[in-house]
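First up is the structure itself, then whatever we jot down about it.
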Amino acid sequence: MGRRMTVATEVAHIIHQFGCDRSHLLDSAESVQHRAGRNSDEAVAAPAAGFKMHEISLMESVVGLIEDERCRQDFSRVRTIRLRVGMLGHAEPDALRFCFRAVAEGTIAEGAQLEIHMVPGAGRCDQCDVAVPLDERFASCAICGSPIRLTAGDDVKLAELEVD
Ligand SMILES: [Zn+2]
């Protein structure tokens, strides 16, 4: 059995950035697709259309965090990586898995199992001081009409690692 380590680190806060210059990320996506294509026996299919830059950078952050963790706590192999992924963050599990395989190649995280737990959205009306479930990013309070402040479900966290 592997050793369990709680990490609980926020990978990235997900913010829509349409309109910013993403040409450098496109280059990175092509190279990831190219690298992933070599593993043709892998069961994970490439999300061909609408391949997400977003998921690549998220998974690069995850692998970076794991490498940092190895410097603090000695381990030689990662068995399982547990991620908590907000349902309102537009990060797709299939795309995350695909990107993970590609970016983990040659790192301590290569070959690890990726477990993704989806976290539902939640918010709060500060005027009424009530918590409300959210199924979209932007909502108004049903009682007073104030904007609901998002409190959960739009981020990605590296929750736990199982290591040897
Ligand atoms: Zn309210």
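Residue numbers for the sequence shown follow the working numbering, so the first one is 691 and each next one is one higher. Every residue, glycine too, gets a C-beta built ideally from N, C-alpha and C. The structure presented is a predicted model; accordingly, all values stated were derived computationally and were not measured.
- Judged by beta-carbon spacing, Ala849 lies within the 8 Å limit of Val697, meaning their Cβ atoms are closer than that value.
- Here Ile756 carries a helix assignment [DSSP, helix/strand/coil].
- Proximity of the region 816–826 to the region 749–760 falls short of the contact definition, fewer than three beta-carbon pairs being nearer than 8 Å.
- Annotation: Arg787 to Arg693 spans about 23 Å, alpha carbon to alpha carbon.
- At a threshold of 7 Å, Ile833 counts as near ligand 1, since its beta carbon sits closer than that to one of the ligand's heavy atoms.
- Taking C-beta atoms under 8 Å as the contact rule, Ala781 and His744 qualify, at a distance of about 6 Å.
- Taking 7 Å as the cut-off, the C-beta of Gln817 counts as close to a heavy atom of ligand 1.
- A distance of 8 Å or more separates the beta carbons of Leu804 and Ile756.
- Distance between Asp844 and Phe790, taken at the CA atoms: about 19 Å.
- A direct Cα-to-Cα measurement between Val768 and Gly776 gives close to 23 Å.
- The nearest non-hydrogen atom of ligand 1 is less than 7 Å from the C-beta of Ser836.
- Bounds of the alpha helix (DSSP H) holding Asp784 are 783–794.
- Asp845: member of the beta strand (DSSP E) spanning 845–853, first to last residue.
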